[in-house]
Amino acid sequence: MLQKGSSGGGLMRDRPGALPSTFLSQLQALEKAYLHHSDPAEQSGFYGGPERWRAEREPILEAISADGELLDTGCANGYLLECLVAWGRERGVSLIPYGLDQGARLIELARRRQTHLADHFFIGNAWDWKPPRRFRYVYTLVHSGRPGPIGVPRAVFAQVACPGGRTRRPAHRR
Ligand SMILES: C[S@@+](CC[C@H](N)C(=O)[O-])C[C@H]1O[C@@H](n2cnc3c(N)ncnc32)[C@H](O)[C@@H]1O
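Taking my numbering, the leading residue of the sequence shown gets 4, the next gets one more, and so forth.
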């Protein structure tokens with residue numbers, strides 16, 4: 004699904020008043036599990052090997068036709084952003100990466116991987132994150148599309164995507 008960015012409006016009803024502790028514990032456990040690995044894709048929760056990594060992640064660029072900022076909401080260690088920037092360059096598209104994740108240690112890793120872009124990586128929970136700016140492209144791969152607090156609410160996309168910008172979720176998670 005490819006959506007045009009919007010200005011928000013009624014979408015904020017998706018947001019709960021407070022984030023349940025079970026949800027926050029699940030996210031903490033996720034970070035701990037990722038950090039057991041040294042492979043950068045595995046630190047992003049992907050265990051299919053490098054060929055499948057590229058085969059499954061490069062299609063994200065099909066939604067991207069021009070240069071711009073790309074926010075990965077749930078960026079883990081930032082490896083996907085690094086790959087998308089490199090793959091985009093091969094296609095003649097210049098992307099400026101930004102990442103948000105709830106895991107402070109994952110964001111620390113992302114900043115260490117790309118020290119020159121350290122201030123492009125934010126620690127925060129998408130449910131109550133206040134984006135410092137808007138982004139032309141916004142991507143996410145977290146549990147979504149079901150009622151309840153797991154995942155990134157559509158309201159977040161409405162707040163962070165430029166009007167007319169694009170948001171994308173992988174096909175198998177829609
Ligand atoms: C499967 S990884 C995705 C990594 C990378 N974006 C990709 O597509 O390969 C999901 C990441 O989303 C983060 N995450 C899940 N829910 C989140 C939320 N509500 N706010 C911020 N980060 C979240 C997790 O901490 C985890 O690092």
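All C-beta atoms, glycine included, are put in the ideal place defined by N, C-alpha and C.
In chain order, what residues of the same chain have a beta carbon less than 6 Å from the beta carbon of residue 106, not counting five sequence neighbours either side?
Non-local C-beta neighbours of residue 106 in its own chain, meaning closer than 6 Å and more than five positions away in sequence, comprise 34, ordered along the chain.
Would you mind reading off the limits of the beta strand (DSSP E) that contains residue 76?
Residues 71-76.
Taking a contact to mean a Cβ-Cβ separation below 8 Å, would you say residue 100 touches residue 84 in this structure?
Yes.
Below 8 Å between beta carbons: does that hold for residue 43 and residue 82?
For the pair residue 43 and residue 82, the CB atoms are nearer than the 8 Å cut-off.
Which residues in the same chain as residue 21 place their Cβ atom closer than 8 Å to its Cβ, once the five residues preceding and following it in sequence are excluded?
Excluding positions up to five away in sequence, the list is empty.
Residue range of the beta strand (DSSP E) that residue 103 falls in?
98-104 is the span of the beta strand (DSSP E), which, as asked, contains residue 103.
Under 8 Å: do the stretch 119-131 and the stretch 90-104 share three or more Cβ pairs, one atom per stretch?
Three or more Cβ pairs drawn from the stretch 119-131 and the stretch 90-104 lie within less than 8 Å of each other, which places the two stretches in contact.
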